[in-house]
Amino acid sequence: MPSADVVGLYSCGPTVYSFPHLGNMRAYVFADTLRRALRWKGIPVRHVVNITDVGHAVADSDTGEDKLEVAAARERRSVEDIASFYTKAFFDDLAALGVLPADEYPRASDYVPQMIEFAERLEERGYTYLLPSGLYFDTSKSPGYGELALLDIAGQREGARVEHVEGRRNKTDFALWRAEEPGVRRVMRWESPWGWGAPGWHLECSVMSIALLGPHFDIHTGGVDHRQLHHINEIAQSEAYLGDGRPWVQYWLHGEFLLLDAEKIAKSTGGGPRLADLVAAGYHPMAYRLFLLGGHYRSQLDFTNQGIDAAQATLRRLVGRVEPLRPLPVVETLPAARALLPGPDADKVAVAYLDQIDAAISADLATPRILASLQEALRDPDISTEGLRVVVAAADALLGLGLGDLDARAVDRRRSAADLDPAEVSAIEALIAARTAARKEKDWARADEIRAELSELGVEVTDTPTGPVWELK
Ligand SMILES: [Zn+2]
Numbered sequence: 274m275p276s277a278d279v280v281g282l283y284s285c286g287p288t289v290y291s292f293p294h295l296g297n298m299r300a301y302v303f304a305d306t307l308r309r310a311l312r313w314k315g316i317p318v319r320h321v322v323n324i325t326d327v328g329h330a331v332a333d334s335d336t337g338e339d340k341l342e343v344a345a346a347r348e349r350r351s352v353e354d355i356a357s358f359y360t361k362a363f364f365d366d367l368a369a370l371g372v373l374p375a376d377e378y379p380r381a382s383d384y385v386p387q388m389i390e391f392a393e394r395l396e397e398r399g400y401t402y403l404l405p406s407g408l409y410f411d412t413s414k415s416p417g418y419g420e421l422a423l424l425d426i427a428g429q430r431e432g433a434r435v436e437h438v439e440g441r442r443n444k445t446d447f448a449l450w451r452a453e454e455p456g457v458r459r460v461m462r463w464e465s466p467w468g469w470g471a472p473g474w475h476l477e478c479s480v481m482s483i484a485l486l487g488p489h490f491d492i493h494t495g496g497v498d499h500r501q502l503h504h505i506n507e508i509a510q511s512e513a514y515l516g517d518g519r520p521w522v523q524y525w526l527h528g529e530f531l532l533l534d535a536e537k538i539a540k541s542t543g544g545g546p547r548l549a550d551l552v553a554a555g556y557h558p559m560a561y562r563l564f565l566l567g568g569h570y571r572s573q574l575d576f577t578n579q580g581i582d583a584a585q586a587t588l589r590r591l592v593g594r595v596e597p598l599r600p601l602p603v604v605e606t607l608p609a610a611r612a613l614l615p616g617p618d619a620d621k622v623a624v625a626y627l628d629q630i631d632a633a634i635s636a637d638l639a640t641p642r643i644l645a646s647l648q649e650a651l652r653d654p655d656i657s658t659e660g661l662r663v664v665v666a667a668a669d670a671l672l673g674l675g676l677g678d679l680d681a682r683a684v685d686r687r688r689s690a691a692d693l694d695p696a697e698v699s700a701i702e703a704l705i706a707a708r709t710a711a712r713k714e715k716d717w718a719r720a721d722e723i724r725a726e727l728s729e730l731g732v733e734v735t736d737t738p739t740g741p742v743w744e745l746k
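In the working numbering, each residue carries its 1-based index in the sequence shown increased by 273.
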């Protein structure tokens, strides 16, 4: 249980039945940015991210099979294998993206007895009713139901849900316990006061966050899609459970979607693109992080080839400029950064950049502005080298790109000539022909100019007795 001066932060985690795609990972880079912002302000954080390995039915509905069980049947593996395999894939992606590890990653399957107790208390308090398909939460008994979603509640009650559940009193009512259908034996099943079955999906987040962060905590994050259903249900059941008339959680922050260029991506991977697909295509994982930070977390972001190319190029330039400044000082907070620029002779230019960075992170995590300040500082002729080192370290403590030790060669993956398209090859060959012609005319200046141009394209020319040959350097 955290103490009063530690911020409790809970982020809805993945349902581990398939590889996380790039859009899934945006939510965790966003939560990581929030953590880094709190650290920057000197505020200790206890962060909990759940792993949903039971209870999440297909299509977010209340009935039918679990996503995990469907995946296990499809892949002919046990549910435990599926869960541990995809949990590892999730952790791998978090690590590759430089996301700070959470303090706890509770697994839903470890908390089923607590979920049953939670639902029992709701039943005792008269918030539930029992149907053959399970135990349901009666949302009409929850006074502020749906407030977080900023929706017309009456409209939401009637219109939002399409799934038909026999006997459900309100369309917004949701399952706390999903009873086994007659004649169907679930793979993951528990005995409960309402018979054999599995917990409803929303229950785990309330139960595990309260268990690990205390009854009321500070910040809850998730994808914007959760605001319309999952989070309003978490709030309704938690406030009914606590019954103290206080809001359950103080602040809710939602990260926007990543929009995928579906045509291009579906062709290459057959599903949502993964971080591993980007890496296989020659991008550094941090180029994806940089791409995400180039947009504000509350704005939708279009994932395009041009966008990720530009991010990779920016990352390469950043690493190139930061390399001569290494080793960077360790700077995690604004006071720590200021302390490294002491006294009346402090580099005023550097101090001004620190203030810009602080203002940007304080303005609802405006990461694009931090990136802009960082790039500006790196080009600024008036900043001292020592001041620049502090500014770069400070910006990177918030951006989390690892500029202090990213390997420039890993960012700048060298391509082979076979990767070039025919238009690129003929452009290179035209330049080489022009250079050969200039040399024949003994126009050495022009030949050197063309060589420099080729060099900018990453092409190295060697003159051999049989003529010039070129390769990508
Ligand atoms: Zn959740």
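By construction, the Cβ of each residue, glycine as well, lies at the ideal position given by its N, Cα and C atoms.
Bear in mind the structure is a predicted one, so any value in this text is a computation, not a measurement.
(request) Name the residue from Gly555, Ala509, Leu295 and Asp354 whose alpha carbon lies nearest to the alpha carbon of Tyr419. (result) What you label residue 419 is simply residue 146 of the sequence shown in a count that begins at 1. First, the amino acid is wrong: residue 419 is Gly here, not Tyr. Checked all of Gly555, Ala509, Leu295 and Asp354; the closest Cα to Gly419 is Ala509.
(request) For Ser284, write down the residues that DSSP places opposite it in a beta bridge. (result) Start at 1 with the first residue of the sequence shown, and residue 284 comes out as number 11. In the DSSP output, where bridge partners are listed per residue, Ser284 has Val322 and Thr494.
(request) Flag this pair as touching only if the segment 292-308 and the segment 561-581 have three or more C-beta atom pairs under 8 angstroms; answer yes or no. (result) Cβ pair count under 8 angstroms is three or more, so yes.
(message) According to DSSP, simplified to helix, strand and coil, what is Gln523?
(response) The residue you call residue 523 lines up with position 250 of the sequence shown. Strand at Gln523.
(message) If you reduce the DSSP assignment to three classes, tell me which class Trp467 lands in.
(response) Taking the first residue of the sequence shown as 1, we reach residue 467 at position 194. Three-state DSSP puts Trp467 in coil, outside helix and strand.
(message) Could you tell me the alpha carbon to alpha carbon distance between Leu676 and Arg599, rounded to whole angstroms?
(response) Position 403 of the sequence shown, counting from 1, holds the residue named residue 676. Position 326 of the sequence shown, counting from 1, holds the residue named residue 599. The straight-line gap from Cα to Cα measures roughly 9 angstroms.
(message) Counting beta carbon pairs with one atom in the segment 325-341 and one in the segment 624-637, are three or more of them shorter than 8 angstroms?
(response) no
(request) Please determine, among Gln648, Ala650, Ser657 and Leu476, the residue with the shortest C-alpha to C-alpha distance to Ala619. (result) Stepping through the sequence shown from its first residue, residue 619 is reached at position 346. Ranking Gln648, Ala650, Ser657 and Leu476 by Cα distance to Ala619 puts Ser657 first.
(request) Excluding the 5 residues preceding and the 5 following Glu269 in the sequence, name in chain order all residues of the same chain whose CB lies nearer than 8 angstroms to its CB. (result) The structure shown does not extend to residue 269, since the chain is modelled only from 274 through 746, so no value can be given for it.
(request) Please classify Tyr409: does DSSP put it in a helix, a strand, or coil? (result) In the sequence shown, counting from the first residue as 1, residue 409 sits at position 136. Reduced to three states, the DSSP call for Tyr409 is strand.
(message) Considering Cα atoms alone, identify which of Asp339, Tyr409, His527 and Ser415 is closest to Ser382.
(response) Start at 1 with the first residue of the sequence shown, and residue 382 comes out as number 109. The residue among Asp339, Tyr409, His527 and Ser415 with its C-alpha nearest the C-alpha of Ser382 is Asp339.
(message) Strictly by DSSP, which residues pair up with Gly528?
(response) In the sequence shown, counting from the first residue as 1, residue 528 sits at position 255. DSSP, once it has assigned bridges, lists Gly496 as partnering Gly528.
(request) Decide yes or no for the touch test of the segment 365-383 against the segment 309-322: beta carbon pairs closer than 8 angstroms, at least 3 of them. (result) yes
(request) Could you check the C-alpha separation between Val742 and Gly593 for me, to the nearest Å? (result) Numbered from its first residue, the sequence shown carries residue 742 at position 469. Numbered from its first residue, the sequence shown carries residue 593 at position 320. Roughly 28 angstroms separates the two Cα atoms.
(request) Let me know the secondary structure DSSP gives Arg547 once reduced to three states. (result) Looking up residue 547 in the sequence shown gives position 274. If DSSP states are grouped into helix, strand and coil, Arg547 belongs with coil.
(request) Please go through the same chain and pick out, in chain order, the residues whose beta-carbon is closer than 6 angstroms to the beta-carbon of Glu436, but skip the five residues on each side of it. (result) The sequence position of residue 436 within the sequence shown is 163, counting from 1. The answer, listed in chain order, is Ser334.
(request) Could you round the C-beta distance between Leu404 and Glu439 to whole angstroms and report it? I think they count as a contact, below 8 angstroms. (result) Reading the sequence shown from its first residue, position 131 is the one you call residue 404. Reading the sequence shown from its first residue, position 166 is the one you call residue 439. About 7 angstroms; that satisfies the 8 angstroms criterion.
(request) For Tyr400, name the three-state secondary structure that DSSP assigns. (result) Taking the first residue of the sequence shown as 1, we reach residue 400 at position 127. Here Tyr400 sits in coil by DSSP.
(message) On the CB-based measure, 16 or more other CB atoms within 10 Å of its CB, does Ala553 come out buried or exposed?
(response) The residue given as residue 553 occupies position 280 in the sequence shown. When all chains shown are included, Ala553 counts as exposed.
(request) Just grab the DSSP bridge partners of Glu377 for me. (result) Here residue 377 refers to the residue found at position 104 when the sequence shown is read from its first residue. As DSSP reads the structure, Glu377 sits in a beta bridge with Val321.
(request) Look at the Cβ atom of Leu370, then the Cβ atom of Pro546, and state whether they are nearer than 8 angstroms. (result) Indexing the sequence shown from 1 puts residue 370 at position 97. Indexing the sequence shown from 1 puts residue 546 at position 273. Their beta carbons are not under 8 angstroms apart, which means Leu370 does not touch Pro546 by this criterion.
(message) Would Glu507 and Ser465 be called neighbours here (beta carbons separated by less than 8 angstroms)?
(response) Position 234 of the sequence shown holds residue 507. Position 192 of the sequence shown holds residue 465. No. Outside cutoff.
(request) Work out the CA separation of Asp678 and Arg687 for me, nearest whole Å. (result) The residue given as residue 687 occupies position 414 in the sequence shown. The residue given as residue 678 occupies position 405 in the sequence shown. For Arg687, the pLDDT reaches just 47, beneath the cut-off of 50, and the residue's location in the model is therefore unreliable, although a value from the coordinates is still provided. Cα-Cα distance, rounded: 19 angstroms.
(message) Rounded to the nearest angstrom, what separates Thr236 and Arg652 at their Cα positions?
(response) Outside the modelled stretch of the chain, which goes from 274 to 746, sits residue 236, for which no answer is possible.
(request) State buried or exposed for Lys537, treating a residue as buried only when at least 16 other CB atoms are found within 10 Å of its CB. (result) By 1-based counting over the sequence shown, the position of residue 537 is 264. Residue placement at Lys537 is flagged as unreliable, the pLDDT there being 43, under the threshold of 50; the coordinate-derived value follows with that caveat. By the neighbour-count rule (16 or more Cβ atoms within 10 Å), Lys537 is not buried but exposed.
(message) On the criterion of 16 or more Cβ atoms from any shown chain inside 10 Å, does Glu714 qualify as buried, or is it exposed?
(response) In the sequence shown, counting from the first residue as 1, residue 714 sits at position 441. Glu714 comes out exposed.
(message) At a cut-off of 7 angstroms, would you count Glu512 as near ligand 1, judging by its Cβ distance to the nearest heavy atom?
(response) Looking up residue 512 in the sequence shown gives position 239. Incorrect: Glu512 has no Cβ contact closer than 7 angstroms to ligand 1.
(message) Taking a contact to mean a Cβ-Cβ separation below 8 angstroms, would you say Pro488 touches Leu515 in this structure?
(response) Counting from one through the sequence shown, the residue named residue 488 turns up at place 215. Counting from one through the sequence shown, the residue named residue 515 turns up at place 242. Judged by their CB atoms, Pro488 and Leu515 are nearer to each other than the 8 angstroms cut-off.
(request) To the nearest angstrom, report how far apart Gly286 and Leu591 are at their CA atoms. (result) Counting from 1 along the sequence shown, the entry for residue 286 is found at position 13. Counting from 1 along the sequence shown, the entry for residue 591 is found at position 318. One C-alpha to the other measures close to 31 angstroms.
(request) Look at Val604 and Ala670 and say whether their C-beta atoms are less than 8 angstroms apart. (result) Walking along the sequence shown from the start, residue 604 turns up at place 331. Walking along the sequence shown from the start, residue 670 turns up at place 397. For Val604 and Ala670, yes; Cβs fall inside 8 angstroms.
(request) Look at the alpha carbon of Phe284 and the alpha carbon of Ser728, and state the distance between them as a whole number of angstroms. (result) Along the sequence shown, one-based indexing puts residue 284 at 11. Along the sequence shown, one-based indexing puts residue 728 at 455. According to the sequence provided, residue 284 is Ser. The question's Phe does not apply to it. Rounded to whole angstroms, the gap between the alpha carbons of Ser284 and Ser728 is 47 angstroms.
(message) In whole angstroms, give me the CA-to-CA distance for Glu529 and Ala725.
(response) Taking the first residue of the sequence shown as 1, we reach residue 529 at position 256. Taking the first residue of the sequence shown as 1, we reach residue 725 at position 452. So the two alpha carbons sit approximately 43 angstroms from each other.
(request) Rounded to whole angstroms, what's the CA-CA distance from Leu644 to Asp628? Just pull it up for me. (result) For the purposes of this step, residue 644 is taken as the residue at position 371 of the sequence shown. For the purposes of this step, residue 628 is taken as the residue at position 355 of the sequence shown. Spanning the two alpha carbons is a distance of roughly 14 angstroms.
(message) Output needed for Leu531: all residues of its chain with C-beta closer than 7 angstroms, excluding positions within five of it in sequence on either side, in chain order.
(response) As a working mapping, residue 531 is identified with position 258 in the sequence shown. Once the five neighbours on either side are set aside, the close Cβ partners of Leu531 are Leu295, Gly296, Arg299, Leu574 and Phe576.
(request) Determine the burial state of Leu423: buried for a count of at least 16 other Cβ atoms within 10 Å of its Cβ, exposed for fewer. (result) Taking the first residue of the sequence shown as position 1, residue 423 is located at position 150. Label assigned to Leu423: exposed.
(request) Could you name the residues of the same chain whose beta carbon sits closer than 6 angstroms to that of Ser413, not counting the 5 residues immediately before and after it, in chain order? (result) As a working mapping, residue 413 is identified with position 140 in the sequence shown. Around Ser413: Asn443.
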